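What follows is one structure encoded as structure tokens, with my remarks underneath.
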Amino acid sequence: MKYTEKISSLYIRDNENTTPALIISTKEFPINYSIPISVYLFSLYFNKEYYMNTKIFNSENELLLNSDTPPFILKRDDISEDKLMDNTLYSSGFDLQTAQLNIFRSEDFRIEISLLSSGAVLDTITTYFMSKLSS
0 MKYTEKISSL
10 YIRDNENTTP
20 ALIISTKEFP
30 INYSIPISVY
40 LFSLYFNKEY
50 YMNTKIFNSE
60 NELLLNSDTP
70 PFILKRDDIS
80 EDKLMDNTLY
90 SSGFDLQTAQ
100 LNIFRSEDFR
110 IEISLLSSGA
120 VLDTITTYFM
130 SKLSS
């Protein structure tokens, strides 16, 4: 079986650097926070339009955010050799920034990111984070 058009990994980054972050600490609530996310895509086709959808849910499973990235199409000449899988496929990482999320209390959250093309979901990946008061 050949795996194509997959999300290989996803992680939330700390605003200060590129290390993964699972906790958003704040001195007070509420806060408005735009979450930096790194997404790594595996075995995509050249010259095909893709986009990603981000959904964020709170601990009560309420949908707090639902947004799409602008569509993207990559050409063979736009990809460095280290990202080429063969003449038709490539893998690459993307950095996303969510829209402002209103966080009102210490809570757990779930993020789902889907890779889509022509309205069809090709793959979905999930990760989690929490907000808390810092001392």
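At position 77 of the sequence shown the residue is numbered 76 (numbering that gives the first Met the number 0), and the sequence of numbers has no breaks. Even for Gly, the Cβ is constructed at its ideal location relative to N, Cα and C. Since this is a predicted model, take the numbers as computed values, not measurements.
#1: Could you tell me whether the stretch 70-89 touches the stretch 29-48, using the rule of 3 or more Cβ pairs below 8 Å?
#2: Would you call S130 buried or exposed, if buried means 16 or more other Cβ atoms sit within 10 Å of its Cβ?
#3: Can you name the residues that DSSP bridges to T25?
#4: Hey, I72 and L63: beta-carbon distance below 7 Å or not?
#5: Mind checking who D13 pairs with in its DSSP beta bridge?
#6: Given L114, which residues of its chain have a CB within under 7 Å of its CB, disregarding the five upstream and five downstream residues?
#7: In chain order, what residues of the same chain lie with their CB nearer than 6 Å to the CB of S66, ignoring the 5 residues before and after it?
#8: Report the three-state DSSP secondary structure of D76 (helix, strand or coil).
#9: Where does K54 sit, in a helix, a strand or coil, going by DSSP?
#10: Are the CB atoms of E106 and T125 within a distance shorter than 7 Å?
#11: If I34 and L100 are in contact, beta carbons under 8 Å, what's the gap, nearest whole angstrom?
#12: For the beta strand (DSSP E) that E106 lies in, which residues bound it at each end?
Per the coordinate set shown:
#1: yes
#2: buried
#3: L132
#4: no
#5: Bridge partners of D13: none, in fact.
#6: E4, I6, L40, Y49, M51, L121, D122
#7: T53, A98
#8: helix
#9: strand
#10: no
#11: 6 Å
#12: 106-116
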